[in-house]
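First comes the structure, then the notes that go with it.
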Amino acid sequence: MDSILESEGMHYEGNCIRPPSEAYSILLQVTLGCSHNQCTFCGTYKDKRFRIKDDQIILSDILFASKYMRRQDRVFLMDGDALIIPQKRLMWILERIKEHLPWVKRVGTYANTKSIHMKSDQELVELRERGLSKIYLGVETGDDEVRKKIHKGTSTQHCLEMGKKVKDAGMELVVMVLLGIAGKERSLVHARATGELLSAMDPSYVAALTVILIPGTPLWEEHEKGDFEMPDEQGLLLEMKEMISHTHLSNGIFASNHASNYLPVKVHLPEGKQEAMDRIDAALRGEIGLKPEWMRAF
Ligand code: SF4
191 MDSILESEGM
201 HYEGNCIRPP
211 SEAYSILLQV
221 TLGCSHNQCT
231 FCGTYKDKRF
241 RIKDDQIILS
251 DILFASKYMR
261 RQDRVFLMDG
271 DALIIPQKRL
281 MWILERIKEH
291 LPWVKRVGTY
301 ANTKSIHMKS
311 DQELVELRER
321 GLSKIYLGVE
331 TGDDEVRKKI
341 HKGTSTQHCL
351 EMGKKVKDAG
361 MELVVMVLLG
371 IAGKERSLVH
381 ARATGELLSA
391 MDPSYVAALT
401 VILIPGTPLW
411 EEHEKGDFEM
421 PDEQGLLLEM
431 KEMISHTHLS
441 NGIFASNHAS
451 NYLPVKVHLP
461 EGKQEAMDRI
471 DAALRGEIGL
481 KPEWMRAF
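Next comes the structure, spelled out in structure tokens:
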């Protein structure tokens, strides 16, 4: 066991992703893959069978970070949904972070509605008190018809309730939505329904991403068969505009600065809505260049 604990490197396995805002965080991989792993557009963890990593491996990575990552004061727990880890074990991980990385100010993780549902209100509060204070929730759409089609697994209403549960625990809620996921036909219905869901959830940050068709995923196959058509670039801009116009946040950011998007927008709402509209209109008129296809990435 000593050799694992004295390892001179992090034990990353497979494809690892994190939100753009966690670029400078200590990336601690505590699970492999995603416990849901059924969304039709997502190819991120298709190569991984979900499991929680061994405690000794996790501890080894924390100890490695304690030696070599002393200037990074945030931790991001990977992979897909570390919140699914049973409470006792997750508390143990957070306690080891506090013990060995005392300079860390915040721990964040991806979560899904299932993993949030599995924690009691009190458990979420305990996790927040141990440092887990930021939850990234992939909502994708507020349109139930689309949610069903993409195998998101839960309803818009459940999503709303889980978002509220996170906020009630005093955690920061970041919500991801997906432009293009409803296809061309339902684009604006999805935009409006998603804006309405975002308004009801009222997160502190909305990150809009744009679908990239990944070979091997069910959505890619639908597209190949002609059953799914992505909106074109103009259509995606109109979709984002419609979504923002229906999004009423009391005090939050709407951003489309993820690498998958054609047009980066980042505004504080409510006051930045007109600025976002103006920027999208300028792009629609061709006055602002869009990101070339080869530069887009998930
Ligand atoms: S989108 Fe999120 S919840 Fe869905 S399969 Fe991918 S990682 Fe899992």
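Heads up, the sequence shown is in the numbering used here, so the first residue is 191 and it goes up one at a time. Just so it is clear, CB atoms sit at the ideal spot from N, CA and C, and this is done for glycine as well.
{"Asked": "Exposure of Pro292, with buried meaning 16 or more beta-carbon neighbours within 10 Å", "Found": "exposed"}
{"Asked": "Residue list, Cβ distance to the ligand FAD heavy atoms smaller than 5 Å", "Found": "Looking at this structure, you won't find the ligand FAD anywhere; what it does contain is the ligand SF4."}
{"Asked": "Met485 versus Glu423: straight-line alpha-carbon distance, rounded", "Found": "14 Å"}
{"Asked": "Identity of the residue in Glu461, Cys232 and Cys349 nearest Val401 by Cα", "Found": "Cys232"}
{"Asked": "Cβ-based burial, Gly353 [other Cβ within 10 Å; buried from 16]", "Found": "buried"}
{"Asked": "Stretch-stretch touch, CB-based, cutoff 8 Å, three pairs: the region 257 to 272 with the region 220 to 238", "Found": "yes"}
{"Asked": "Segment limits, alpha helix (DSSP H) that includes Thr346", "Found": "Thr346 to Asp358"}
{"Asked": "Residues near Val379 by beta carbon distance below 7 Å, same chain, minus five either side", "Found": "Asp333 and Ala372"}
{"Asked": "Residues that DSSP places opposite Ala496 in a beta bridge", "Found": "Residue 496 is absent from the model: the chain starts at 191 and stops at 488."}
{"Asked": "Length of the line joining the Cα atoms of Met420 and Val457", "Found": "26 Å"}
{"Asked": "Runs of alpha helix (DSSP H) wholly within the region 198 to 274 (minimum 4 residues, chain order)", "Found": "245 to 258"}
{"Asked": "Reference Asp251, options Lys236, Leu284 and Cys229, closest by Cα", "Found": "Leu284"}
{"Asked": "CA-to-CA distance, Glu411 to Val364, given in whole angstroms", "Found": "30 Å"}
{"Asked": "Length of the line joining the Cα atoms of Met191 and Asp245", "Found": "At Met191, the pLDDT of 46 sits below 50, so the modelled position is not reliable; the number obtained from the coordinates is stated separately. For Met191 and Asp245, the distance between alpha carbons rounds to 11 Å."}
{"Asked": "Those residues which DSSP pairs with Lys324 across a bridge", "Found": "Gly298 and Glu362"}
{"Asked": "Terminal residues of the beta strand (DSSP E) in which Leu459 lies", "Found": "Lys456 to Leu459"}
{"Asked": "Cβ neighbour criterion (16 or more within 10 Å) applied to Met391", "Found": "buried"}
{"Asked": "Coarse secondary structure for Leu369, derived from DSSP in three states", "Found": "strand"}
{"Asked": "Nonlocal neighbours in the same chain, by C-beta distance under 8 Å from Lys288, ignoring five residues either side", "Found": "Val294, Arg320 and Gly321"}
{"Asked": "Short Cβ contact (8 Å threshold) for Ser389 with Thr437", "Found": "yes"}
{"Asked": "Proximity winner among Gly406, Ile478, Leu480 and Ile443, relative to Thr234 (alpha-carbon distances)", "Found": "Gly406"}
{"Asked": "Identified DSSP bridge partners for Glu330", "Found": "Val367"}
{"Asked": "Proximity below 8 Å, CB of Met490 to CB of Thr384", "Found": "Summary: the structure shown does not reach residue 490, with the chain confined to residues 191 through 488, and so no result is reported for it."}
{"Asked": "DSSP state of Val396 mapped onto helix, strand, coil", "Found": "strand"}
{"Asked": "C-alpha distance - Arg296 paired with Ser215, whole-angstrom precision", "Found": "9 Å"}
{"Asked": "Alpha carbon of Ile275 to alpha carbon of Ser225, nearest angstrom", "Found": "10 Å"}
{"Asked": "Cut-off 6 Å between Cβ atoms - residues of its own chain near Ile443, not counting five sequence neighbours on either side", "Found": "Tyr395 and His458"}
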